[in-house]
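What follows is a single structure, written as structure tokens, with notes after it.
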Amino acid sequence: MKQFINFFRTYRSGITLAEALVSIAIFAIMAGLAIPAYNGFARRFIASTSANDVVHILQTARAQAQASMEFDSYGVHFVSGAGGTYTLFKGASYATRDTSYEDQEYSLLNSAILSTTLTDSDAVFGKILGNAVNAGTVTIMNNADTETITITQTGRITLSP
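According to the numbering used here, the sequence shown is numbered sequentially starting from 56.
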């Protein structure tokens, strides 16, 4: 029995309070360094994801125009500002769109801000060739991060950070 008690006195397992405090301090420092990096990633993610979503809808509008679905033009209307929206529509412009077609409205993620240089804030693609009626840019910003979507006269859609 005496050997059993001596074993536990000699070979105690566990950590001391000092070791626990050092481990907690190291973890807190690492977390403190990681949080700002995560916030920067989240801001870039919002701008990038929002821009990719807009490009996808622009490509959808162009594809529908090229396919001459219901033999009409298709476009995307943009509402500028914080939490801006964009709407896929059928017709030569958003103002004269075919109201029997069910518009598809989308919103930007969180705090993203949308601005555009397009005439009447419309990106319209012509039938068959998919040429853009008016060229311009759509800019999506989130704090210091900016994504620019360029629409050329030929209907080409490019995204650049």
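Here a beta-carbon is modelled for each residue, glycine too, at the ideal position from N, C-alpha and C.
{"Item": "On a Cα-Cα basis, can you pick out the residue from Val-109, Ala-83, Phe-82, Leu-214 that is closest to Glu-160?", "Value": "Val-109"}
{"Item": "Rounded to whole angstroms, what is the Cα-Cα separation between Gly-138 and Phe-100?", "Value": "15 Å"}
{"Item": "Residue range of the beta strand (DSSP E) that Lys-145 falls in?", "Value": "140-145"}
{"Item": "Classify Ser-166 as helix, strand or coil using the three-state DSSP reduction.", "Value": "coil"}
{"Item": "So what does DSSP say about Val-134, is it helix, strand or coil?", "Value": "strand"}
{"Item": "Per the contact definition of three or more C-beta pairs closer than 8 Å, is the region 142-149 in contact with the region 196-205?", "Value": "no"}
{"Item": "From this set, Ala-120, Ser-155, Asp-153, Ile-195, which residue's C-alpha is nearest Val-188's C-alpha?", "Value": "Ala-120"}
{"Item": "How big is the Cα-Cα spacing for Ile-168 and Gln-208?", "Value": "25 Å"}
{"Item": "Give the straight-line distance between the Cα atoms of Ala-75 and Pro-91, rounded to the nearest whole angstrom.", "Value": "26 Å"}
{"Item": "Exposed or buried, what is Asn-107 when buried is set at 16 or more other beta-carbons lying within 10 Å of its beta-carbon?", "Value": "exposed"}
{"Item": "Go to Ile-204, then tell me how far its beta strand (DSSP E) extends in each direction, as first and last residue.", "Value": "200-206"}
{"Item": "For Gly-217, which three-state DSSP category applies?", "Value": "Any property of residue 217 remains undetermined from this structure, which presents the chain solely from 56 to 216."}
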